[in-house]
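Asker:
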Amino acid sequence: MDVRETFATNLRRLRNARRWSQDELAFEAEISRGYLSKLEIGAYYVSIKIIGRLADKLDVDAAEFLKRPAKRDPHSPTRVLLPIHFSELFRSP
66 MDVRETFATN LRRLRNARRW SQDELAFEAE ISRGYLSKLE IGAYYVSIKI IGRLADKLDV
126 DAAEFLKRPA KRDPHSPTRV LLPIHFSELF RSP
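Here the sequence shown is numbered in my numbering, starting from 66 and rising by one per residue.
1. So A120 and D126 are supposed to be a Cβ contact under 8 Å. How far apart are they, rounded?
2. State the Cα-Cα distance for the pair R164 and W85, rounded to the nearest angstrom.
3. Along the chain, which unbroken stretches of the alpha helix (DSSP H) at least 4 residues long are found entirely within the stretch 69-122?
4. Cβ atoms of K122 and L76: under 9 Å apart, would you say?
5. With burial defined as no fewer than 16 other Cβ atoms inside 10 Å of the residue's Cβ, what is the status of G107: buried or exposed?
6. Exposed or buried, which one is E95 when buried takes at least 16 other CB atoms within 10 Å?
7. Taking only three categories from DSSP, how would you classify A135?
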């Protein structure tokens, strides 16, 4: 994963953690939604000025955008979610 992809992944993750739409963050950061969208897919490079605006509006340190995800241990168990039918939630034991 290169730096641009890392930035894009973290930007999307941080925006979603705030439960903001692209429109909301773009408005707050005073950038266009189209530009924000391109940043989130890693299509554009971002300036320090825009990183500062985004960090300010998302209330995070600018370094958060460049943190690489932790490598997953291939031997650790993976959580698996199994589908459950709605009626099973109310079944008596």
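Beta carbons are placed, not taken as given, at the ideal position from N, Cα and C, and that holds for glycine.
Answerer: Concretely, from the data shown:
1. Looking up residue 120 in the sequence shown gives position 55. Looking up residue 126 in the sequence shown gives position 61. That pair is a contact at about 6 Å.
2. This structure cannot settle anything about residue 164, because the visible part of the chain is limited to 66 through 158.
3. Note on the stretch 69-122: whole alpha helix (DSSP H) runs with a minimum of 4 residues are 87-94 and 98-105, in chain order.
4. Reading the sequence shown from its first residue, position 11 is the one you call residue 76. Reading the sequence shown from its first residue, position 57 is the one you call residue 122. Taking 9 Å as the Cβ cut-off, L76 and K122 do not qualify as a contacting pair.
5. Here the question's residue 107 lines up with position 42 in the sequence shown. Taking all protein chains shown into account, G107 has 16 or more neighbouring C-beta atoms within 10 Å of its C-beta and is therefore buried.
6. What you label residue 95 is simply residue 30 of the sequence shown in a count that begins at 1. E95 comes out exposed.
7. To locate residue 135, count along the sequence shown from 1; it is residue 70. Annotated three-state conformation of A135 is coil, per DSSP.
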